[in-house]
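Numbering (the UniProt record's numbering), first residue to last: 1 to 277.
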Amino acid sequence: MAERYDCMQCAQSLYGQKYILKDDDPFCVKCYEQLFSSSCEVCQKLIHCTSKDLSYKDRHWHSECFLCVKCERSLVDRPFATKEDMPMCIECYSGEYSSKCHACLKTIMPGTKKMEHRGNSWHENCFACNRCQQPIGTRSFIQKDANNYCLPCYEKQFAMQCVHCKKPITTGGVNYRDQPWHKECFVCTGCKQQLAGQRFTSRDDFAYCLECFCNLFAKKCAACTAPISGLGGSKYISFEQRQWHNDCFNCKRCCVSLVGRGFLTSKEEILCPDQEC
Numbered sequence: 001m002a003e004r005y006d007c008m009q010c011a012q013s014l015y016g017q018k019y020i021l022k023d024d025d026p027f028c029v030k031c032y033e034q035l036f037s038s039s040c041e042v043c044q045k046l047i048h049c050t051s052k053d054l055s056y057k058d059r060h061w062h063s064e065c066f067l068c069v070k071c072e073r074s075l076v077d078r079p080f081a082t083k084e085d086m087p088m089c090i091e092c093y094s095g096e097y098s099s100k101c102h103a104c105l106k107t108i109m110p111g112t113k114k115m116e117h118r119g120n121s122w123h124e125n126c127f128a129c130n131r132c133q134q135p136i137g138t139r140s141f142i143q144k145d146a147n148n149y150c151l152p153c154y155e156k157q158f159a160m161q162c163v164h165c166k167k168p169i170t171t172g173g174v175n176y177r178d179q180p181w182h183k184e185c186f187v188c189t190g191c192k193q194q195l196a197g198q199r200f201t202s203r204d205d206f207a208y209c210l211e212c213f214c215n216l217f218a219k220k221c222a223a224c225t226a227p228i229s230g231l232g233g234s235k236y237i238s239f240e241q242r243q244w245h246n247d248c249f250n251c252k253r254c255c256v257s258l259v260g261r262g263f264l265t266s267k268e269e270i271l272c273p274d275q276e277c
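Here it is, written out as structure tokens:
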């Protein structure tokens, strides 16, 4: 006697009947469709085993129901895009939602690489340097007058050149006597320290920090021998080729300040006119 071969669900004999294997288990067509077949997203009817089941992200359609929601053309074997989970042909999707290239004004088709900057979009090959016409890609660039430039082209065309090293100044320059300098090039003639952000002065068109300028050119106080800068409104006393800091202009004997007072000199010394001193 032959062994029985029955549907795993309804137990009816499958001899002489169409059946479908699922994980090596046999099912009659009716039971298989009830258990495993999907419903069409559009018509909500069951997609029979004999029909083509088109699926996308766990959703299913009859082949005749898989249409563009806008123009109703069939999407079978055609590229498509989705908007709010609704399938659309590429032409309709592009016309409704795709960005326009800022350079050529043509639609940037879905799936193609695009470049974006400050709300504008470009085809990858259209996002190019305005000077050399080479695609910029992911390289650094500078935008000027609505045009994009790669850094080498921008420096050649627009950047000022440092008066010292003759190289382009791209960031953080210094303007001195209407001439541009890199910060690192604008240094004290004496000690070579950078002068940007600190007080400095000049002599014979050369810039000096205050310390170097005082040490090199300032007159020395006749009392303490330290330089008298005279910068920033500081006051000093000058008499017969000699100078003193205000605080140093004191009587040699009693140390009283002689600023604004009469005084006497005795050789190199200054004295108050008080006879008792």
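Where is the CB? At the ideal position from N, CA and C, for every residue including glycine.
With fewer than 16 neighbouring CB atoms inside 10 Å of its own CB, Q133 falls in the exposed class.
Under the three-state reduction of DSSP output, I108 falls in the coil class, being neither helix nor strand. Fully enclosed alpha helix (DSSP H) runs of no fewer than 4 residues occupy 90 to 97 of the stretch 73 to 110, in order along the chain. Only exposed fits E116, as fewer than 16 other CB atoms lie within 10 angstroms of its CB. Proximity of the stretch 202 to 217 to the stretch 172 to 191 meets the contact definition, three or more beta-carbon pairs being nearer than 8 Å.
For K30, no beta strand (DSSP E) run applies; the uninterrupted alpha helix (DSSP H) run containing it begins and ends at 29 to 36, by DSSP.
The Cβ-Cβ distance between C254 and D274 falls below 9 Å. Under the three-state reduction of DSSP, D247 is assigned to helix.
Exclusion of the five residues before and after Y154 leaves I142 as the residues of its chain whose Cβ lies within less than 6 Å of its Cβ.
In terms of Cβ geometry, H102 and C68 do not form a close pair [threshold 9 Å]. When the five nearest sequence neighbours on each side are left out, the beta carbons in the same chain lying within less than 7 Å of the beta carbon of C31 are those of C7, Q9, C10, in order along the chain. When the beta-carbon positions are compared, E268 and A218 stay at least 9 Å from each other. Going by DSSP, C150 is part of the beta strand (DSSP E) stretching over 147 to 150.
Contact annotation: C49 and C65 have beta-carbon atoms that are not nearer than 9 Å. Between the alpha carbons of D24 and L35 lies a distance of about 15 Å. In the assembly as shown, Y15 is an exposed residue. Its beta-carbon has fewer than 16 other beta-carbons within 10 Å. Only residues of its own chain outside the window of five on either side were considered, and among them A81, I90, Y93, S94, S98 have a CB closer than 7 Å to the CB of P110, listed in chain order. Membership of L210 in the alpha helix (DSSP H) is indicated by the continuous run 210 to 217. Around the Cβ of N175, a 10 Å sphere holds fewer than 16 other Cβ atoms; the residue is exposed. Distances from the CA of S13 to each of R4, L21, I20 were compared; the closest alpha carbon is that of R4. For P180, the enclosing beta strand (DSSP E) covers residues 179 to 182. As computed with DSSP, T201 is found in a beta bridge with Y208. Secondary structure note for Y176: its beta strand (DSSP E) is the uninterrupted segment 173 to 176. Annotation: D58 is outside any beta strand (DSSP E) and is labelled neither H nor E by DSSP. C214 places its beta carbon less than 9 Å from that of P227.
By the Cβ neighbour-count rule, A146 is exposed, with fewer than 16 other Cβ atoms within 10 Å of its own. In the three-state DSSP reduction, K70 falls in the coil class, being neither helix nor strand. Linking S51 to H62 through their CA atoms gives a straight-line distance of about 7 Å.
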